[in-house]
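Reviewing the structure listed below.
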Amino acid sequence: FSKTLSASMRCGYIAARPDWIEGLTDLKVALSFGGGRLAAELVLGLLKDGSYRRHVEGLRQRLVRAMAETAGRLAGLGIEPWLMPRGGLFLWCRLPGELDAGAIARHALAEGIVLAPGNAFSLSQTARHFMRFNVAQSADPRIYGVLREAMQAAASRQPA
Numbered sequence: 031f032s033k034t035l036s037a038s039m040r041c042g043y044i045a046a047r048p049d050w051i052e053g054l055t056d057l058k059v060a061l062s063f064g065g066g067r068l069a070a071e072l073v074l075g076l077l078k079d080g081s082y083r084r085h086v087e088g089l090r091q092r093l094v095r096a097m098a099e100t101a102g103r104l105a106g107l108g109i110e111p112w113l114m115p116r117g118g119l120f121l122w123c124r125l126p127g128e129l130d131a132g133a134i135a136r137h138a139l140a141e142g143i144v145l146a147p148g149n150a151f152s153l154s155q156t157a158r159h160f161m162r163f164n165v166a167q168s169a170d171p172r173i174y175g176v177l178r179e180a181m182q183a184a185a186s187r188q189p190a
């Protein structure tokens, strides 16, 4: 529940065979992973009274809007989604003109903007012309100004 409620809400669940539950519970207690009883009781209350369902629906709607807004702003820079997801946090995009995402990310980082180059998510290192954008963290207009500058700088360093 840390992804949908709060980063500090260290509470989750496991679905397992009944004969594993006691051992897994003992392991959790022994290793002290996860939140305490208070977090579990809070989550249980949210699940029982329907608050969690309403919260997640509102979150989903905000993410759909953020996805559309982010895609629109990126399109203004010539960056198009590789595919447009129906939901979620991330937008995977191909950069125009074979630009190097790593170079763009380094330039942006020097300006205080953290961008995610595709190769950070590619074991084969074949995603150098892609970037991943977290739409929940992409509302700041400064991101797009720095991204434009970084793309221009990367384009000027490309061989003709």
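First residue of the sequence shown: 31, per the working numbering; consecutive thereafter.
Heads up, the beta-carbon is just placed ideally off N, CA and C, and yes, glycines get one too.
Q: Give the DSSP-derived three-state secondary structure of P171 in the structure shown.
A: Reduced to three states, the DSSP call for P171 is helix.
Q. Does the beta-carbon of G80 have 16 or more other beta-carbons within 10 angstroms, so that it is buried, or is it exposed?
A. Exposed is the call here.
(Q) Once the 5 residues before and after G102 are set aside, which same chain residues still bring their CB inside 8 Å of it? (A) Hits under 8 Å: none found.
Q: For P147, count neighbouring C-beta atoms within 10 Å of its own C-beta (all shown protein chains included) and say buried if the count is 16 or more, exposed if not.
A: Burial is judged here by how many other beta carbons sit within 10 angstroms of a residue's own beta carbon; P147 has at least 16 and is buried.
Q: Alpha carbon to alpha carbon, how far is L72 from E141? Give it in angstroms, no decimals.
A: The alpha-carbon atoms of E141 and L72 are separated by roughly 40 Å.
Q. Going by Cα to Cα distance, which pick from G108, A46, A69 is closest to C262?
A. Residue 262 falls outside the range modelled here, since the chain spans only 31 to 190, and no answer is possible.
Q. Helix, strand or coil for R162 per DSSP?
A. R162 falls in the strand class under three-state DSSP.
Q: Give the single residue among A105, L76, G127, S152 whose Cα lies nearest to the Cα of Q182.
A: When each option's Cα is compared against that of Q182, the closest is G127.
Q: Label A180 either buried or exposed according to how many other C-beta atoms from any shown protein chain fall within 10 Å of its C-beta, with 16 as the threshold for buried.
A: With 16 or more other Cβ atoms within 10 Å, it is buried.
Q: Note the first and the last residue of the continuous beta strand (DSSP E) segment covering L153.
A: Counting along the chain, L153 sits inside no beta strand (DSSP E), nor does DSSP assign it H or E at all.
Q | Pairwise C-alpha distance: V94 and P115 | A | Straight through space, the alpha carbons of V94 and P115 are spaced by roughly 9 Å.
**Q.** L121 (DSSP reduced to helix, strand or coil)
**A.** Here L121 sits in strand by DSSP.
Q.
Do L54 and A45 count as a contact pair if the criterion is CB distance below 8 Å?
A. In this structure, the beta-carbon distance from A45 to L54 does not fall below 8 Å.
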